[in-house]
Amino acid sequence: METRSYGRYTVLTLTGRLVADTVVAAEARILTTIVLAEPPLSLVLDLSKLDAVDFHGAHLLNKAQFAVRAARGSLHLIAPAEAPARGALSRYLLGSTVERREDLKPLTG
1 METRSYGRYT
11 VLTLTGRLVA
21 DTVVAAEARI
31 LTTIVLAEPP
41 LSLVLDLSKL
51 DAVDFHGAHL
61 LNKAQFAVRA
71 ARGSLHLIAP
81 AEAPARGALS
91 RYLLGSTVER
101 REDLKPLTG
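For reference, each letter of the sequence shown is one residue, going 1 to 109 in UniProt numbering.
This is the structure in structure tokens:
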């Protein structure tokens, strides 16, 4: 996992597999990123480099949405149509999903 800035967005790129064996570490990294980010929080989870997402990984993505909202922030996901993660996303998260980083709306301020 790698964290970097893209304009006013904090981008966390997830790699490998988001499955039962890896969700605890991924959750810790996501929560740490939420806590340490400068307000206002605009977190982007880049899922384009994930090879697999199981039920546990999909559940973590939903939990991340709630955690970001609790921090009064916004969550955006990057998941190309052909990415394994795209099929694991709930309808609830698809509205916050773009296919490429360049598709993120510019943030001002």
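Each residue gets a CB set at the ideal place from its N, CA and C atoms; glycine is no exception.
Just so you know, these numbers come straight off a predicted model, no measurement behind them.
Check, Outcome
"Is His59 close to chain C? Criterion is C-beta to C-beta, closer than 7 Å.", "Absence of chain C from the displayed structure is noted, only one protein chain being present."
"Here's a check: name, in chain order, each residue in its chain whose Cβ is nearer than 6 Å to the Cβ of Glu27, leaving out the five neighbours to either side.", "Leu60"
"Reducing DSSP to helix, strand and coil, say where Asp21 ends up.", "coil"
"I need the DSSP call for Lys63, collapsed to helix, strand or coil.", "helix"
"Could you say which of Arg4, Ser96 and Ile30 lies nearest to Gly57 if we only look at CA atoms?", "Ile30"
"Check whether the Cβ atoms of Glu99 and Pro80 lie closer than 7 Å to each other.", "yes"
"List the endpoints of the continuous beta strand (DSSP E) containing Arg86.", "Looking at the DSSP string, Arg86 is not in any beta strand (DSSP E); the run it does join, the alpha helix (DSSP H), is Pro84 to Ala88."
"How is Gly109 classed by DSSP in three states: helix, strand or coil?", "Residue placement at Gly109 cannot be trusted, given a pLDDT of 47 that sits under 50; what the coordinates show is reported in the next sentence. Coil at Gly109, not helix or strand."
"At what residues does the alpha helix (DSSP H) containing Arg91 begin and finish?", "Arg91 to Leu94"
"Which two residues bound the contiguous beta strand (DSSP E) that contains Ala52?", "Ser42 to Val53"
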